[in-house]
Amino acid sequence: MRKFNIRKVLDGLTAVSSAASASSASQQQQAGNRETEIQETLQSEHFQLCKTVRHGFPYQPSALAFDPVQKILAIGTQTGALRLFGRPGVECYCQHDSGAAVIQLQFLINEGALVSALADDTLHLWNLRQKRPAILHSLKFNRERITFCHLPFQSKWLYVGTERGNIHIVNVESFTLSGYVIMWNKAIELSSKSHPGPIVHISDNPMDEGKLLIGFESGTVVLWDLKSKKADYRYTHDEAIHSVAWHHEGKQFICSHSDGTLTIWNVKSPTKPFQTITPHGKQLKDGKKPEPCKPILKVEYKTTRAGEPFIILSGGLSYDTVGRRPCLTVMHGKSTAVLEMDYSIVDFLTLCETPYPNDFQEPYAVVVLLEKDLVLIDLAQNGYPIFENPYPLTIHESPVTCCEYFADCPVDLIPALYSVGARQKRQGYSKKEWPISGGNWGLITQSYPEIIITGHADGSLKFWDASAITLQVLYKLKTAKVFEKSRNKDDRPNTDIVDEDPYAIQIISWCPESRMLCIAGVSAHVIIYRFSKQEVTTEVIPMLEVRLLYEINDVESPDGEQVPPLPTPGTGSNPQSIVPQSHPSTSSSSSDGLRDNVPCLKVKNSPLKQSPGYQIELVIQLVWVSGEPPQQITSLAVNSAYGLVVFGNCNGIAMVDYLQKTVLLNLGTIELYGSNDPYRREPRSPRKSRQPSGGLCDINEGTTVPEDRCKSPTSAKMSRKLSLPTELKPDLDVKDNSFSRSRSSSVTSIDKESREAISALHFCETFTRKNDTSPSPCLWVGTTLGTVLVIVLNLPPGGEQRLLQPVIVSPSGTILRLKGAILRMAFLDTTGSLVPPAHEPWREHNVPEDKDEKDKSKKRRPVSVSPSSSQEISENQYAVICSEKQAKVISLPSQNCIYKQNITETSFVLRGDIVSLSNSICLACFCANGHIMTFSLPSLRPLLDVYYLPLTNMRIARTFCFTNNGQALYLVSPTEIQRLTYSQETCENLQEMLGELFTPVETPEAPNRGFFKGLFGGGAQSLDREELFGESAAGKASRSLAQHIPGPGGIEGVKGAASGVVGELARARLALDERGQKLGELEEKTAAMLYSADSFSKHAHEMMLKYKDKKWYQF
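The sequence shown begins at 703 in the working numbering and counts up by one.
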């Protein structure tokens, strides 16, 4: 730990010193120049880092609870997380510090509190009356393991069952143990020779609180009389028990067993069950017992006034149903409905109209918590339809492989995506309102639209409305439907470069203003989409094949001259749209029998019906070259104003004009340099043997053998950022939360040196050469060796001419150098404002234009919000370039580096974004050592440096992204998105924005006992538990049994203490208490300061006496 801290300190010192030297150098350099005049408004106080909200399905759920009065649902997980759900839009995430699994949750119904039991044998009381719930008390059991808890409605005494078969009783107000204990050996028959096993169930008789039903795992059930402290009845059964449930009248209970049977017992007949049912057992002739089935893990017994009771159970299927999905069975009268689930059932709860256990339950829904989903079943409608789930729990429907975050989007985007997405909704849901409806929304203090796009392993993209800390799915796009699906594994073409998920999304490039979308997939394919509100049928899918290879065949290296588009075998010398054709092995082999010119996926050759939304404009595929598979794409950019898309990998770069459907540029990375290659590399032919894609799979979530060529796209986005040759990167110690850089042994060191991948691409309108007098359209290319090259774009005029004349592409000769792979580039105007790339405003393409519109479109110029288009010749721009190691600000057209910041020495930047915040801009970086940093622009002053989280897995690295207005996110688990903010203003407003879980609600009236029951008895019997379990009657519990730990909830938590009183008097008293506590704290602090001042003066006096008569040389 010390080592890490020292490194951090050194890192900080080097960063500060380098910043100081860089800024002083730049100030000397630019003394008297205009550059130093830019006023930077962002200061350190504008920044603060905090988590905002967590969206998605709780990862690895383990427990479920529901408050029937507050209508709040709680889910606990195996990692100690707690997720609370109210009405749609009211969600909350909390975490137990220990990280132990949650084994059970119990609401204090309508009290605004929750008890959690954890696998480390701790109990915690959560206060839900504050926006961020906190723990008020904890209790750690030292000698016994907790197996089951039960808290009766409106009681403050919690029954805790243990593995040893004992029951302890906890006062939930003080979180202390009562001296009253039910020992296992007192509960069971004295004659019994074996231990009955752990406690699996505790509940009180609905009609008599003085009788406690205790279920032991071995099959024994005991009805315990709390007052007389002895067992009234004992019920024994051969089969192990999993759960027990009461009939509301308290005369019968039902048990579920490990052999797939249910036994119903009359309370007063302990000798044998009243009835035995095997819901899924085959009834054999001759009255034999049915065949045993799988265990019934849980059963619930719910009554209705009007009809038969419901018996609802999970499990219990017969053993011969191999491969059958997990089921929930609903038995109602003579009908039995078997509801199949997509995932295994973790737990389920029946939602009932009343919180009172001694009344008709009137069940109306069942909440089923699955391993990866939450399902609500409507019991009131025929066929038991499910409710449409309003929570954003489908993030993981297919594993997330990448994501992008856009804050401050055009206001018409969300309605447009919502309208096309609304048509995709499934039918057949319950007509009723979602029953989990508790809590209240927070105040909306952010008014700007936010969109999150997630890319998935099955090739789908999901667009989410993420405005105002909520999340709602807008639209889903399936990119795989353009390709032919292989029916089975044998039928699969032998051209896949990944073993599974061949359509997985690796990179998303999206222009929100023009709505142009471009994706790069794991099979080296790129698809360009255009947004349309009209349905169209595409007869032939436009397609290009690009042969991007690592060699030069008798082509002179370009020395800054214009390079004509190279005719390649993949596109032909007249590269037009290629009609897809099948590739039989004969035509796809080169002379030496190696696979050649074959793409990895086969595009459909039948007409494709495209719904409103995103529609295919062009499919581009890289092809095999002489037996070597195409390398995965590492960077991608699209520009709607220029009609161009560009992408690169470790072989080179390709640019496509998607309007004319032609390849404009197809160059190996070395060819981009021309004669200016600083490494003096000689281009060489591609390797003949099929080997791992060098530099694209350096880092995986675990170790892989060389053959495991990115089986799943877990390393997809990360790989493009970490593909530097080993010599140029330090081997990072794993202890430093970084990754060692060992690469596949099959890639030779020469190959490592020469393979330079394209890592960043940026279209812009700026100065391309030192002597330029005006900005022009160009493409800036960044590589993994830290080089930035500039390519000039000569675009034909707009309108019809744009479709007829070619776009001319030529290298500018401009080369800039940084340390580490280039991650991000952006441009500032002379005032320091961001110059976004030019774009065309969105318009509907599938509607024929009238003549006036055509004339307008001819005159239409691409919109560049940049002030650069109106700039005078003398005005300059600034290029901001961020690499894995450093950031530079370069003045254009002079190309002088005016500011430089070494971001990290010992680690590397995983994600860098240039973002706007508080009407200014900054550079935000996330490092592999877990630090989040921001720097001012253009001077690159450090503004924030916070250690946030260690890079524990590739998922974080692959999905972390910053966006405008201080927002950021990453995938915290395979199913959940964690959002955070680095803006001080958002942190301050967060409390207001969060929803409230607890709302004051009247508890429903208790059921009427009726005249005769009141007169002759027979109604519900109440019990004075205080008299039984209080210290005066039961004495004190053994101190060594459990240890009380006060929670961090503090005075805030007192508001949610289990009293449940919300009266004005109580509030006033609380306010006084708070004030008193604050005054008390102030008094204590004052006293402490006086004491320290007094001791300081005493020490000073002693020192003075000691040294009073000494001369200076005697010290």
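Where a beta carbon is used, it is the ideal one built from N, C-alpha and C, also for glycine.
Since this is a predicted model, take the numbers as computed values, not measurements.
Here's a check: name, in chain order, each residue in its chain whose Cβ is nearer than 6 Å to the Cβ of residue 802, leaving out the five neighbours to either side.
782, 820, 821 and 822
How many angstroms separate the CA atom of residue 1744 from the CA atom of residue 1699?
31 Å
Do the stretch 1034–1049 and the stretch 832–851 make contact, defined as three or more Cβ pairs closer than 8 Å?
no
Using CA atoms only, rank isn't needed, just tell me which of 1691, 1461, 1609 and 799 is closest to residue 780.
799
Contacts around residue 866, its chain only, beta-carbon distance under 7 Å, and the 5 residues preceding and following it disregarded:
846 and 886
Identify every run of the alpha helix (DSSP H) within the stretch 814–900, keeping only runs that are complete inside it and at least 4 residues long; order them along the chain.
886–889
Residue range of the alpha helix (DSSP H) that residue 1249 falls in?
Here residue 1249 belongs to no alpha helix (DSSP H), and DSSP marks it neither H nor E.
Spatially closest choice to residue 1640 from 1727, 1536, 1544 and 980, by CA coordinates:
1536
Between the stretch 1114–1124 and the stretch 1671–1682, can you find at least three pairs of beta-carbon atoms closer than 8 Å?
no
Which ranges would you report for the alpha helix (DSSP H) in the stretch 1479–1528 if only whole runs of at least 4 residues count?
1502–1506
Assuming residue 1697 contacts residue 1683 under a Cβ cut-off of 8 Å, what Cβ separation, rounded to an integer in Å, is found between them?
The pair is not a contact, with the Cβ atoms about 17 Å apart (cut-off 8 Å).
As assigned by DSSP and simplified to three states, the class of residue 1657
helix
Which of the three DSSP states, helix, strand or coil, is assigned to residue 1013?
strand
Exposure label - residue 1643; buried when at least 16 CB within 10 Å:
buried
Is the beta carbon of residue 1616 closer than 8 Å to that of residue 1623?
yes
Residue 778 (DSSP reduced to helix, strand or coil):
strand
Does residue 1060 come out as helix, strand or coil in the three-state DSSP assignment?
coil
Can you round the beta-carbon distance between residue 1050 and residue 1070 to whole angstroms, since I take them to be within the 8 Å contact cut?
5 Å
Within its chain, find whatever has a CB closer than 8 Å to the CB of residue 1730; leave out the 5 residues flanking it on each side and keep chain order.
882, 928, 929 and 1736
So does the stretch 935–948 actually touch the stretch 963–977, counting three or more Cβ pairs closer than 8 Å?
yes
Output the distance between the C-alpha atoms of residue 1513 and residue 1376, rounded to the nearest integer angstrom.
9 Å
Quickly, what does DSSP pair residue 1158 with across the bridge? List them, please.
1102
Under 8 Å: do the stretch 1223–1242 and the stretch 1169–1187 share three or more Cβ pairs, one atom per stretch?
yes
Taking the straight line between their C-alpha atoms, what separation do you get for residue 1298 and residue 1218?
32 Å
Assuming contact is defined by CB atoms lying nearer than 8 Å, are residue 889 and residue 923 in contact in what I supplied?
no
Among 1138, 1107, 1100 and 1087, nearest to residue 1128 - alpha-carbon criterion
1087
Going along the chain, which unbroken runs of the beta strand (DSSP E) with 3 or more residues stay wholly within the stretch 1606–1651?
1611–1619, 1622–1629, 1633–1638 and 1644–1649
Determine whether the beta carbon atoms of residue 1588 and residue 1522 lie at a separation below 8 Å.
yes
Which residue or residues does DSSP assign as beta-bridge partners of residue 1738?
880
Relative to the C-alpha of residue 1179, which residue among 1366, 1018 and 1122 is closest?
1122
Would DSSP call residue 1375 helix, strand or coil?
helix
Within 10 Å of its beta-carbon, does residue 1368 have 16 or more other beta-carbons around it, so buried, or fewer, so exposed?
buried
From this set, 1222, 1139 and 1150, which residue's C-alpha is nearest residue 1157's C-alpha?
1222
Run through DSSP, which three-state label would residue 1731 get?
helix
Can you list, in chain order, the residues of its chain whose CB lies under 7 Å from that of residue 1058, leaving out five sequence neighbours each side?
855, 1708 and 1709
When the Cα of residue 749 is compared with those of 1461, 1155 and 1634, which residue comes out closest?
1634
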